[in-house]
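Numbering (my numbering), first residue to last: 20 to 415.
Below you'll find the structure, written out as structure tokens, and then a few comments.
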């Protein structure tokens with residue numbers, strides 16, 4: 020510190036910044052920033068508005084120095100939202116009463132953009148969303164959702180797909196309004212993979228009328244906005260076919276994988292890894308899965324989650340080269356965390372099976388993969404036992 024002309028206080032600040040230089044990026048890209056505990060935990064670590072500002076500057080500089088491709092408009096948006104929410108807490112916000120006030124203000128802001136609607140129509144829409152929904156979007160998006168829902172109800176449409184390119188954020192927002200049911204997320208994810216769209220973030224909201232209003236933010240294979248009109252039209256058709264059962268998802272995803280993944284890419288091995296965290300959120304179990312990125316990976320993983328009887332509240336997708344890091348906030352059918360040890364063990368095994376190499380095991384069912392893994396584990400135990408016996412004989 021003194022050699023660089025820094026005071027003891029400045030030295031301590033620099034040391035703290037280096038220690039926590041990944042805090043904002045890992046939180047923004049791998050955690051649900053709509054979860055109050057996420058924000059409170061970050062605020063508890065940072066503790067001061069000045070440190071928050073310095074850490075944001077360091078985070079942006081660090082990311083942009085790594086590679087021009089690492090930084091884009093979508094990541095800037097996530098960091099900005101995280102910064103604003105943490106700043107609010109550091110200024111004394113996010114108490115329960117203030118959260119209720121924010122929900123009320125969000126409803127009022129949306130209503131102000133629906134001036135042509137009657138008070139009854141506005142009230143009907145504002146009663147559809149739970150608090151989490153109202154805190155997840157800006158007023159313009161709420162108003163767009165309101166019109167989408169009204170149009171769907173007027174047409175008695177069982178499914179509505181809306182796409183909105185957001186060039187400034189380098190993403191396209193895909194909104195799906197459909198009857199909520201198990202496996203909905205995985206089928207949509209599969210259709211998006213077949214369309215050639217990469218999901219970077221997702222929010223899943225079940226409304227009070229039993230419908231799902233799911234939002235996916237997607238990019239093209241090059242990390243740009245998925246915005247060509249013919250591709251957007253095909254994307255909407257594929258989602259409709261996937262949800263109606265008219266699309267053979269497994270076969271179509273295999274084709275997409277063969278087209279997009281070259282032989283060299285398939286040869287790269289990324290060890291599958293599953294982390295289950297029941298402390299990161301007060302209300303959800305947080306699942307983090309790591310594996311080799313490929314078309315259809317998100318479909319396979321979310322299908323495994325659904326097969327375990329769990330509901331996904333949000334998904335956060337990040338890729339580092341060929342490695343995918345997907346994070347999910349989930350609850351069981353009773354709206355509770357998953358804390359039973361046996362259920363957690365089964366969940367982990369199912370996720371590891373879904374992450375397993377798709378090309379080597381594409382003909383295997385999930386039970387067959389689990390059997391193979393169990394056999395492999397027994398083989399490891401046998402080898403370890405043999406080594407221990409040999410060592411004991413040698414030592415005696």
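Ideal placement from N, C-alpha and C gives every residue a C-beta, glycine not left out.
At the C-beta level, residue 338 and residue 319 stay beyond 8 Å of one another.
According to the DSSP assignment, residue 164 belongs to the alpha helix (DSSP H) that extends over 158 to 174. Looking at the backbone, the Cα of residue 34 and that of residue 66 are separated by about 15 Å. Counting of Cβ neighbours within 10 angstroms places residue 271 among the buried residues, the total reaching 16 or more. DSSP, reduced to helix, strand and coil, places residue 313 outside both helices and strands of the structure shown, so it counts as coil. Under the three-pair Cβ rule at 8 Å, the segment 156 to 170 counts as touching the segment 124 to 133.
Less than 8 Å divides the Cβ of residue 198 from the Cβ of residue 177.
Annotation for residue 136: no alpha helix (DSSP H) segment contains it, and DSSP assigns it neither H nor E.
When secondary structure is reduced to three states using DSSP, residue 238 falls in the strand class. According to the DSSP secondary-structure assignment, residue 231 is paired through a beta bridge with 197 and 225. The secondary-structure analysis by DSSP pairs residue 142 with nothing; it has no beta-bridge partner.
Restricted to the segment 67 to 96, the alpha helix (DSSP H) segments that are unbroken, complete and at least 4 residues in length are 68 to 85, listed in chain order. Each of 153, 240 and 195 was checked against the Cα of residue 167, and the nearest Cα belongs to 195. Rounded to the nearest angstrom, the Cβ distance from residue 275 to residue 202 is 19 Å, too far for a contact under 8 Å. Residue nearest to residue 295 within the set 227, 366, 264 and 134 is 366 (criterion: CA-CA distance). A distance below 7 Å between beta-carbons, with the five flanking residues on each side excluded, links residue 328 to the following residues of its chain, in chain order: 351 and 352. Under the three-state reduction of DSSP output, residue 155 falls in the coil class, being neither helix nor strand.
In this structure, residue 162 and residue 132 form a Cβ contact; the two beta carbons are roughly 4 Å apart against a cut-off of 8 Å.
Selection 218, 136, 30 and 236 evaluated against residue 184 yields 236 as nearest (Cα-Cα).
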